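Taking our numbering, the leading residue of the sequence shown gets 77, the next gets one more, and so forth. All C-beta atoms, glycine included, are put in the ideal place defined by N, C-alpha and C. Everything numeric in this text was worked out from a predicted model, so none of it was measured. Presented below is the structure to which this report refers.
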Amino acid sequence: MLYNTTIKRLFFEQVHTMTYSIGAYFDHETELKIDKIWEVLANTQIADYLHLSNNRPHITLSIFDNLDLEKTSQLMCELAEEFPVMDISFQSVGIFPSSTVFLAPLISFPLMKLQLKLHKELTKFSKLPESPYFLPDQWVPHCSVAIDFHPEKLISVVQQVLEVIHLPLDGKITELGLTSYRPVVHLMKCELAKK
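Structure, rendered in structure tokens:
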């Protein structure tokens with residue numbers, strides 16, 4: 077489903093320097109809880125990028141350069157029909173060396189299967205970026221809660237996250253979405269099959 081007609085034109089054009097992200101998005105209640113973390117971190121001037129970015133909380137399944145957008149949208153909707161809404165349980169807070177703090181979910185077989193199948197099918201017609209982080213054997217499922225912050229603020233970020241969110245945070249993955257970035261533009265989404 078396209079968000080608006082302005083995006084429709086962009087959606088079906090091949091843009092040569094664009095990076096695209098395919099994410100697994102959450103039910104409304106889970107999204108609001110993670111959004112609250114983004115808001116608190118921005119309001120306390122600790123880390124504001126995610127709150128200001130026009131993004132939505134998600135788990136990135138893959139990142140590609142120069143996607144064939146028409147084939148990608150078709151594939152995403154086919155996968156959304158194949159995979160039912162799935163449970164997600166965030167159990168811990170994690171840190172990547174690149175000034176990223178995230179919520180780490182329990183790794184479930186359905187989530188791993190979805191990411192593997194998506195990656196396998198997309199590589200048939202898309203160019204991978206140089207980053208290896210989203211290759212199936214190196215992928216770390218996560219939902220970023222803070223990025224692009226000064227390293228001295230790391231402890232403050234983690235403290236704020238743990239004050240706002242009570243782990244475990246249980247929710248559902250309800251849709252797949254395609255965005256381009258930076259800046260973040262939501263291009264399309266497909267709802268997962270109802271159980």
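C-beta atoms of residue i and residue j nearer than 8 Å
i    : j    : result
Y209 : S97  : no
F225 : S175 : yes
L179 : H127 : no
D103 : T250 : yes
A30  : L117 : Residue 30 lies beyond the stretch modelled for the chain, which goes from 77 to 271, so this question has no answer here.
F201 : D141 : no
T95  : I139 : yes
L190 : L155 : yes
Same chain, Cβ closer than 6 Å to residue i, five either side skipped, listed in chain order
i    : result
R85  : Model confidence at R85 stands at a pLDDT of 40, short of 50, so the residue's coordinates are unreliable; what they give is reported in the following sentence. Taken in chain order, the list of residues that qualify is empty.
K270 : none
T136 : S97 and G99
Q214 : P208
Anticipated Cβ contact below 8 Å, residue i with residue j, distance rounded
i    : j    : result
I36  : V233 : In this structure the chain extends from 77 to 271, so residue 36 is not present and cannot be described.
L151 : L198 : 7 Å
L160 : L268 : In the sequence as displayed, the identity of residue 160 is Pro instead of Leu. 6 Å between Cβ atoms; contact.
Option nearest residue i by Cα separation, candidates the options
i    : options                   : result
P153 : K248, L211, H134 and G99  : Correcting the residue type first, residue 153 is Cys in the shown sequence and not Pro. Cα-wise, what sits closest to C153 is G99.
T194 : G253, P133 and W114       : Reading off the sequence shown, one finds Leu at residue 194, where the question assumed Thr. For L194, the nearest C-alpha among the options comes from G253.
V177 : M264, E158 and K229       : K229
I231 : S149, E158, G170 and T148 : G170
Chain-order list of residues whose beta-carbon lies under 7 Å from that of residue i (same chain, five-residue window excluded)
i    : result
Q129 : Residue 129 is actually Ser in this sequence, not Gln. V260.
Proximity test, residue i beta-carbon vs the ligand MN heavy atom, cut-off 7 Å
i    : result
K189 : The ligand MN is absent from the structure shown, which contains no ligands of any kind.
| task | Output the residue ranges of the alpha helix (DSSP H) runs that lie fully inside the region 130–186 and measure 4 residues or longer, sorted by chain position. | result | If we require 4 residues or more, the alpha helix (DSSP H) runs fully inside the region 130–186 come out as 145–158.
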